[in-house]
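Data first, discussion second: the structure below is written as structure tokens.
2 protein chains.
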Amino acid sequence: MDNTDQFSFEDLFAQNAAPPRTIGTTKRGKYDFAVAYPDPGSMPLDGLIDGLRIGLAEDGNDMALYYNSQGYAPLRQLVVDKLARDRGIYVTPEEIILGSGSSAPIHMIIETLVDPGDVVITADFFYAGTLGTLRRFGADVRGVDCDQEGMIPDSVETTIQNAIAAAKKPKFIYIVPTFQNPQGWTMPLARRQALLDLAQKYGIAILEDDCYIDLRYDGTDVASIYSLDETGCVAYVGSFSKILAPGLRMGYMTAPRPMLERVLGAKSGGAVNTFAAIAVHRFATDHMYSHIEEINEIGRTKRNTMLAALDEHFAETGATWSKPDGGLYLWLTMPAGTDITTIRDQVLDRADVGYLTGVSFAADGVSGRNCARLCYGYNSPAEITQGIALLADAFRHFGVI
Amino acid sequence: MDNTDQFSFEDLFAQNAAPPRTIGTTKRGKYDFAVAYPDPGSMPLDGLIDGLRIGLAEDGNDMALYYNSQGYAPLRQLVVDKLARDRGIYVTPEEIILGSGSSAPIHMIIETLVDPGDVVITADFFYAGTLGTLRRFGADVRGVDCDQEGMIPDSVETTIQNAIAAAKKPKFIYIVPTFQNPQGWTMPLARRQALLDLAQKYGIAILEDDCYIDLRYDGTDVASIYSLDETGCVAYVGSFSKILAPGLRMGYMTAPRPMLERVLGAKSGGAVNTFAAIAVHRFATDHMYSHIEEINEIGRTKRNTMLAALDEHFAETGATWSKPDGGLYLWLTMPAGTDITTIRDQVLDRADVGYLTGVSFAADGVSGRNCARLCYGYNSPAEITQGIALLADAFRHFGVI
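Quick mapping for you: the protein sequence lines, in order, are chains A and B.
Residue numbering for the first sequence is 0 to 400, as defined by numbering that gives the first Met the number 0.
Residue numbering for the second sequence is 0 to 400, as defined by numbering that gives the first Met the number 0.
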């Protein structure tokens with residue numbers, strides 16, 4: 000195309016169109032603490048191929064179909080069984096929609112609920128993917144204060160009341176209650192109940208994102224908010240990305256029926272990938288729980304390794320960090336006034352260590368210049384130890400510690 | 000959930016939310032002429048598994064990543080090579096976005112261009128998936144008259160002028176120029192050039208949907224509209240669904256860079272399924288063109304079988320039908336005033352024959368009660384012959400012929 004400047008799309012874009020995103024790839028560090036990748040060596044690739052072969056021999060003709068938009072029915076049944084066993088959630092396969100990861104269901108739920116200017120309540124720092132989608136739909140994102148037990152109910156209620164006082168009743172509360180991304184905390188039962196009580200009191204929905212629930216290294220599970228609810232105000236999303244492989248793009252959601260029907264109306268691209276769904280279904284039927292045990296051994300070791308390395312290299316710096324009971328990351332907080340955001344790309348160039356700073360997760364878009372999410376899923380324990388040492392060196396070099 | 004009526008989502012839905020879609024499955028006929036499925040027996044499932052095994056051995060670590068939103072890079076390179084070889088389109092892998100089928104890219108392009116009330120120009124009858132998405136975004140869909148060579152340029156220009164006269168300049172023209180869905184015609188070169196000239200004259204974009212291009216049984220390919228354009232006004236989508244399997248959900252798009260960047264901004268769910276992309280890439284690298292030859296032998300036989308059956312059972316009825324040079328369906332037109340829409344479900348119950356009527360594809364939402372799209376991809380030739388006979392019987396029973 001020689002003369003693309005002869006025609007301009009600029010006048011044609013919808014007023015509400017997403018802002019452009021630059022084409023191209025992002026540089027990854029050798030010590031890639033930036034993204035919540037799982038351990039690559041433990042992905043059950045051979046098991047998935049075996050499952051696929053068995054599944055295609057049985058259900059191969061389904062590949063010729065434009066499948067029901069809710070997705071491959073046997074996998075929806077497996078999700079139903081998993082939710083009943085693990086999360087106290089009792090639904091039918093008709094009440095499950097499979098989607099590309101958990102991000103596609105989250106996108107559809109946001110699209111279904113949010114008009115520009117609508118208030119959505121979140122943690123002060125939360126999953127950057129959801130934050131990006133909320134912004135793309137023009138949400139007025141209001142973060143509430145959190146401590147080591149998650150969202151503080153008084154802060155939630157004050158935020159709700161302030162919005163209502165300004166005639167902007169919040170639409171919903173977005174929450175990752177277990178191994179919260181990026182802060183790593185888990186909300187205990189009392190906090191979950193308090194959050195639910197507030198939602199019901201004020202007529203606000205909850206979007207519960209439980210995508211890390213299976214990655215528990217210590218302690219015991221806390222009941223899902225969905226299971227505590229008797230009024231039908233909670234939509235719930237989960238994912239196989241964290242326990243099998245992100246590249247499978249296999250997530251799911253359930254919600255009260257009026258919400259499900261709206262989400263189905265918004266769904267594009269037809270059913271989730273049947274090819275991947277068949278592989279996940281056949282593998283998970285026999286091996287899901289043993290595989291989870293196996294990867295949690297690995298995750299526990301990696302988390303402990305990163306905690307030990309932080310003890311060694313950051314104990315004297317005034318930094319603090321979360322000690323999560325599971326998940327793929329922890330939250331490093333450098334002393335107030337420190338800026339590790341400006342130097343992020345320089346640290347990546349110098350030390351080959353990648354991280355995301357608090358700003359990427361900040362509800363207000365500006366806080367958290369002294370905070371970083373450090374993911375320990377991808378690198379080996381030896382690399383984690385090296386990487387944290389190199390990170391401390393780089394911070395020292397740039398005058399941060 | 001016992002008391003879902005205690006909480007109501009109704010007040011929370013966005014003003015612009017999609018209308019609800021009923022949960023559940025649609026009944027399929029034994030003689031399933033309703034949906035453009037490919038031949039199930041010819042899907043290269045073993046080849047895809049073999050390709051996947053080889054690809055995962057080489058690139059398996061990519062499954063641990065949240066891949067670049069544009070999708071698995073080697074498959075984008077393969078698309079680039081295919082577009083250059085087959086469609087005279089010369090782009091780079093950076094200018095390709097992979098998506099779930101072609102419907103996801105189409106959805107993103109529409110989302111990027113259409114505000115409620117915006118005029119979009121289409122064929123009088125066109126792909127129901129695109130029609131549904133246009134409606135979902137509130138487009139003012141204006142169908143133009145078509146003949147056996149596709150959109151009639153005078154009708155296109157009149158429609159454009161009428162819209163401009165009402166201060167509603169059209170945003171874009173949606174067109175499946177080859178083996179048009181559902182009518183089966185292919186636009187010859189002169190028509191394509193005329194359409195492009197009109198788009199350029201009035202500053203309107205074109206969305207060229209080329210998803211059936213590989214399924215040619217007779218004749219030779221006509222140049223893509225994209226390749227004729229020197230101004231950068233065309234976005235182009237294609238798909239592997241029709242040549243490999245719909246369940247792979249593997250489509251692609253290219254467009255001028257400003258459009259690509261907006262589409263990337265609107266993309267949710269991250270990259271297309273890496274698992275399926277690896278399988279498609281490795282299989283297609285060695286076997287795509289031989290496989291296309293093989294399935295086109297089958298498709299040609301099935302098309303000829305349906306044409307012969309129509310000759311046998313509908314020649315005396317006053318019906319006419321298209322004789323497409325490729326693709327998976329033809330377009331049956333019963334005499335004006337005939338209604339085969341009202342009886343559709345009864346025909347399915349009585350004869351086990353499924354079809355979609357013109358109304359499902361009508362730009363105006365009401366025309367085509369006497370028309371049906373008949374797909375010949377899924378059933379065997381013997382079933383096609385039986386099914387057309389049963390369809391004629393049923394039409395006779397219900398007094399249509």
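Glycine is no exception: its CB is placed at the ideal position from the N, C-alpha and C atoms.
Contact with chain A by residue 26 of chain B, beta-carbon distance below 9 Å: For the purposes of this step, residue 26 of chain B is taken as the residue at position 27 of the second sequence. The Cβ of residue 26 of chain B sits no closer than 9 Å to any Cβ of chain A.
Inter-residue Cα distance where the pair is residue 68 of chain B and residue 35 of chain A: Counting from 1 along the second sequence, the entry for residue 68 of chain B is found at position 69. Counting from 1 along the first sequence, the entry for residue 35 of chain A is found at position 36. Their Cα atoms are separated by approximately 16 Å.
Contact set between the stretch 71-89 of chain B and chain A, restricted to residues whose Cβ is under 7 Å from the partner: Listed in chain order, the positions of the stretch 71-89 of chain B with a beta carbon within less than 7 Å of a beta carbon of chain A would be empty, since no residue qualifies.
Interface partners of residue 470 of chain A on chain B, CB under 9 Å: Examination of residue 470 of chain A is not possible in this model, given that chain A is present from 0 through 400 alone.
Touch test, the stretch 180-190 of chain A against the stretch 134-149 of chain A, Cβ-Cβ under 8 Å, three pairs minimum: yes
Chain B within 9 Å of residue 357 of chain A, Cβ atoms only: Indexing the first sequence from 1 puts residue 357 of chain A at position 358. Not an interface residue.
Coil, strand or helix - residue 229 of chain B by DSSP: Residue mapping note: residue 229 of chain B aligns to position 230 of the second sequence, counting from 1. The answer is coil: DSSP assigns residue 229 of chain B none of H, G, I, E or B.
Three-state secondary structure assigned by DSSP to residue 262 of chain B: Here residue 262 of chain B is taken as the residue at index 263 of the second sequence, counted from 1. DSSP places residue 262 of chain B within a helical segment (H, G or I) once states are collapsed to three.
Opening and closing residue of the beta strand (DSSP E) in which residue 172 of chain A lies: For this step, residue 172 of chain A is matched to residue 173 along the first sequence. Run containing residue 172 of chain A: 171-174, per the beta strand (DSSP E) assignment.
Beta-carbon gap between residue 248 of chain B and residue 272 of chain A smaller than 9 Å: The residue given as residue 248 of chain B occupies position 249 in the second sequence. The residue given as residue 272 of chain A occupies position 273 in the first sequence. Yes, they are a contact pair.
Short CB-CB distance (under 9 Å) between residue 259 of chain A and chain B: Your numbering for residue 259 of chain A matches position 260 in the first sequence. For residue 259 of chain A, the answer is yes, since a Cβ of chain B falls inside 9 Å of its Cβ.
Inter-residue Cα distance where the pair is residue 107 of chain B and residue 265 of chain B: Locating residue 107 of chain B in the second sequence gives position 108, where the first residue counts as 1. Locating residue 265 of chain B in the second sequence gives position 266, where the first residue counts as 1. Distance between the alpha carbons of residue 107 of chain B and residue 265 of chain B is about 6 Å.
Beta-carbon proximity check, residue 149 of chain A vs residue 174 of chain A, cutoff 9 Å: Here residue 149 of chain A is taken as the residue at index 150 of the first sequence, counted from 1. Here residue 174 of chain A is taken as the residue at index 175 of the first sequence, counted from 1. In contact: residue 149 of chain A and residue 174 of chain A (Cβ atoms closer than 9 Å).
Three-state class that DSSP yields for residue 288 of chain B in the structure shown: What you label residue 288 of chain B is simply residue 289 of the second sequence in a count that begins at 1. Three-state DSSP puts residue 288 of chain B in a helix.
Partner residues on chain B for residue 236 of chain A, Cβ-Cβ distance less than 9 Å: As a working mapping, residue 236 of chain A is identified with position 237 in the first sequence. Correct list: empty, because the minimum Cβ distance to chain B is about 12 Å.
Inter-residue spacing [alpha-carbon to alpha-carbon] between residue 125 of chain B and residue 369 of chain B: On the second sequence, position 126 is the one that residue 125 of chain B refers to. On the second sequence, position 370 is the one that residue 369 of chain B refers to. Approximately 16 Å between the Cα atoms of the pair.
Beta-carbon proximity list for residue 83 of chain B, same chain, < 7 Å, skipping 5 on both sides: As a first step, residue 83 of chain B is located in the second sequence; it is residue number 84 there, counting from the start. So the qualifying residues of the chain are 89.
Alpha-carbon spacing of residue 1 of chain B relative to residue 8 of chain B, whole angstroms: Taking the first residue of the second sequence as 1, we reach residue 1 of chain B at position 2. Taking the first residue of the second sequence as 1, we reach residue 8 of chain B at position 9. With a pLDDT of 46 at residue 1 of chain B, under the threshold of 50, the modelled position of this residue cannot be trusted, and the question is left open.
Contact belief for residue 244 of chain B with residue 63 of chain A at Cβ below 8 Å, rounded distance in angstroms: Here residue 244 of chain B corresponds to residue number 245 of the second sequence, with the count starting at 1. Here residue 63 of chain A corresponds to residue number 64 of the first sequence, with the count starting at 1. Between residue 63 of chain A and residue 244 of chain B the Cβ distance is about 6 Å, and since that is below 8 Å, they are a contact.
Contacting positions in the stretch 18-48 of chain B - beta carbon closer than 7 Å to chain A: 18, 19, 20, 21, 22, 23, 24, 34, 36, 37, 39, 42, 44 and 48
Whole-angstrom C-beta distance between residue 269 of chain B and residue 71 of chain B, which should lie under 8 Å: Taking the second sequence and counting its residues from 1, the one referred to as residue 71 of chain B is at position 72. Taking the second sequence and counting its residues from 1, the one referred to as residue 269 of chain B is at position 270. With a Cβ gap of about 12 Å, residue 71 of chain B and residue 269 of chain B do not count as contacting.
Exposure of residue 18 of chain A, with buried meaning 16 or more beta-carbon neighbours within 10 Å: Locating residue 18 of chain A in the first sequence gives position 19, where the first residue counts as 1. Counting Cβ neighbours within 10 Å, residue 18 of chain A comes out exposed, since fewer than 16 surround it.
Under 7 Å from the C-beta of residue 167 of chain A: neighbouring residues of chain B: Taking the first residue of the first sequence as 1, we reach residue 167 of chain A at position 168. Those within 7 Å of residue 167 of chain A in chain B number zero; the least Cβ separation is about 13 Å.
9 Å Cβ cutoff met for residue 44 of chain B and residue 59 of chain A: What you label residue 44 of chain B is simply residue 45 of the second sequence in a count that begins at 1. What you label residue 59 of chain A is simply residue 60 of the first sequence in a count that begins at 1. Result yes, Cβ atoms of residue 44 of chain B and residue 59 of chain A sit closer than 9 Å.
N-terminal and C-terminal residue of the beta strand (DSSP E) that residue 381 of chain A is part of: Here residue 381 of chain A is taken as the residue at index 382 of the first sequence, counted from 1. Here residue 381 of chain A belongs to no beta strand (DSSP E); instead the alpha helix (DSSP H) covers 380-396.
Residue 141 of chain B: CB within 8 Å of a non-hydrogen atom of the ligand FMN: The ligand FMN is not among the ligands present in this structure, which contains no ligands whatsoever.
Residue 354 of chain A in three-state terms, based on DSSP: For this step, residue 354 of chain A is matched to residue 355 along the first sequence. Taken through DSSP and simplified to helix, strand or coil, residue 354 of chain A comes out as coil.
Close-in-space but distant-in-sequence residues of the same chain around residue 171 of chain A (CB under 7 Å, 5 per side omitted): The count along the first sequence starts at 1 and reaches residue 171 of chain A at position 172. Closer than 7 Å at the Cβ level, and outside the excluded window around residue 171 of chain A, lie 112, 119, 203, 204, 205 and 206.
Min CB distance residue 232 of chain B to chain A below 9 Å: In the second sequence, the residue the question calls residue 232 of chain B occupies position 233. Judged by the 9 Å Cβ criterion, residue 232 of chain B is in contact with chain A.
Reduced DSSP secondary structure (H/G/I, E/B, other) of residue 54 of chain B: Residue mapping note: residue 54 of chain B aligns to position 55 of the second sequence, counting from 1. Helix at residue 54 of chain B.
Residue 346 of chain B burial status per 10 Å Cβ neighbour count (16 or more: buried): Position 347 of the second sequence holds residue 346 of chain B. Residue 346 of chain B is buried by the Cβ-count criterion.
is_contact[residue 281 of chain B, chain A] using C-beta, thresh 9 Å: The count along the second sequence starts at 1 and reaches residue 281 of chain B at position 282. False, the Cβ-Cβ gap to chain A never drops below 9 Å.
Assigned secondary structure, residue 328 of chain A (DSSP; H/G/I helix, E/B strand, else coil): Counted from its first residue, the first sequence places residue 328 of chain A at position 329. It is a strand residue.
DSSP three-state assignment for residue 11 of chain A, whether helix, strand or coil: To locate residue 11 of chain A, count along the first sequence from 1; it is residue 12. Residue 11 of chain A falls in the coil class under three-state DSSP.
Under 8 Å (Cβ pairs) to chain A, residues found in the stretch 146-178 of chain B: 170 and 171
C-alpha distance - residue 235 of chain B paired with residue 198 of chain A, whole-angstrom precision: Translated into positions along the second sequence, residue 235 of chain B becomes position 236. Translated into positions along the first sequence, residue 198 of chain A becomes position 199. Whole-angstrom Cα-Cα distance: 45 Å.
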